[in-house]
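Enquirer: Have a look at this one before I ask anything.
In our numbering, the protein residues as written are 5 to 298.
See below:
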């Protein structure tokens with residue numbers, strides 16, 4: 005009996021963790037950490053940096069949980085999401101809603117105490133934007149949701165910058181721009197090989213609205229547009245040859261991958277593009293950290 009209760013409790017914890025989409029949280033932290041180093045002109049004290057990063061992660065977890073609550077009925081219609089805790093019935097919707105708001109409150113209080121009210125305010129704004137502007141308003145209405153909604157996914161660098169300096173500066177804006185312009189080709193690659201899923205759920209993604217060929221051309225255009233955006237931290241900011249070397253190489257790989265996607269026109273090519281997009285962004289952020297350390 006005790007073992008059964010313990011297994012059930014662990015399962016419940018795992019379901020709540022799944023609501024936060026934990027695979028996305030490392031990306032949030034990886035785009036925040038370089039900003040803190042650049043904004044501070046060196047590495048801030050661990051006693052400040054660690055709780056700030058925890059607060060940013062909690063804000064992202066709150067936004068993801070509330071997103072899962074809002075989209076619970078839509079998720080039932082999609083193959084890749086139907087087994088998530090809410091559409092599968094593992095958790096009650098009201099429990100997820102309470103959990104999401106508790107995460108949001110915890111994030112707000114922590115960032116207010118560790119940093120200041122402005123930082124907490126930016127975090128709250130990012131949660132509200134993701135839930136109300138992107139999830140509720142944009143996503144079910146326009147195929148360009150990944151473009152406008154990209155601001156929510158790129159909010160973590162802004163929170164980190166404000167936490168260090170009390171206001172937005174060049175480091176936060178540069179990282180915001182990188183993530184903002186990176187997100188559409190990343191999302192559209194998923195939309196290409198998950199087109200049937202989105203169609204079944206009635207979500208207007210770009211391939212379903214303008215077709216696969218035009219979507220692939222938009223992906224190529226975005227990857228080309230990312231080149232000057234990602235080179236800016238080296239040309240205008242505090243980063244040097246380490247970052248620039250990696251950025252040039254990663255941009256070449258990303259553009260070549262988008263060209264291959266346009267030529268091959270297969271689900272495998274779209275999946276490959278999605279995987280390359282993740283390696284691309286993580287590599288840029290890792291190069292920033294290395295550059296700041298040398």
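The beta carbon of each residue, even a glycine, is placed where N, CA and C say it ideally should be.
Which of helix, strand or coil does DSSP assign to residue 145?
Expert: In the three-state DSSP reduction, residue 145 falls in the coil class, being neither helix nor strand.
Enquirer: If I follow the unbroken alpha helix (DSSP H) through residue 215, where does it start and stop?
Expert: Per DSSP, residue 215 belongs to no alpha helix (DSSP H) and is neither H nor E.
Enquirer: In three-state DSSP terms, what is residue 294?
Expert: Helix, per DSSP.
Enquirer: If I follow the unbroken alpha helix (DSSP H) through residue 260, where does it start and stop?
Expert: Here the alpha helix (DSSP H) through residue 260 covers 245 to 268.
Enquirer: First and last residue of the alpha helix (DSSP H) that includes residue 2?
Expert: Look at the range of the chain in this structure, 5 to 298, and you will see that residue 2 is not part of it.
Enquirer: Tell me the start and end of each unbroken alpha helix (DSSP H) in the region 92 to 167 that is at least 4 residues and wholly inside, in chain order.
Expert: 97 to 118, 121 to 132, 149 to 152 and 154 to 157
Enquirer: Are the CB atoms of residue 33 and residue 160 nearer to each other than 9 Å?
Expert: yes
Enquirer: Rounded to whole angstroms, what's the CA-CA distance from residue 277 to residue 166? Just pull it up for me.
Expert: Note on geometry: alpha-carbon atoms of residue 277 and residue 166 lie some 33 Å from one another.
Enquirer: Are there three or more Cβ pairs, one per stretch, closer than 8 Å when the region 212 to 223 is compared with the region 232 to 246?
Expert: With fewer than three CB-CB distances shorter than 8 Å, the region 212 to 223 does not count as touching the region 232 to 246.
Enquirer: Let me check understanding here. Comparing Cα to Cα, which of 18, 22 and 36 lies closest to residue 288?
Expert: 36
Enquirer: Assign residue 57 to buried or exposed, taking buried as 16 or more other Cβ atoms, counted over all protein chains shown, within 10 Å of its Cβ.
Expert: buried
Enquirer: Classify residue 46 as buried or exposed, calling it buried when 16 or more other Cβ atoms lie within 10 Å of its own Cβ.
Expert: exposed
Enquirer: For residue 138 versus residue 152, is the C-beta distance shorter than 9 Å?
Expert: yes
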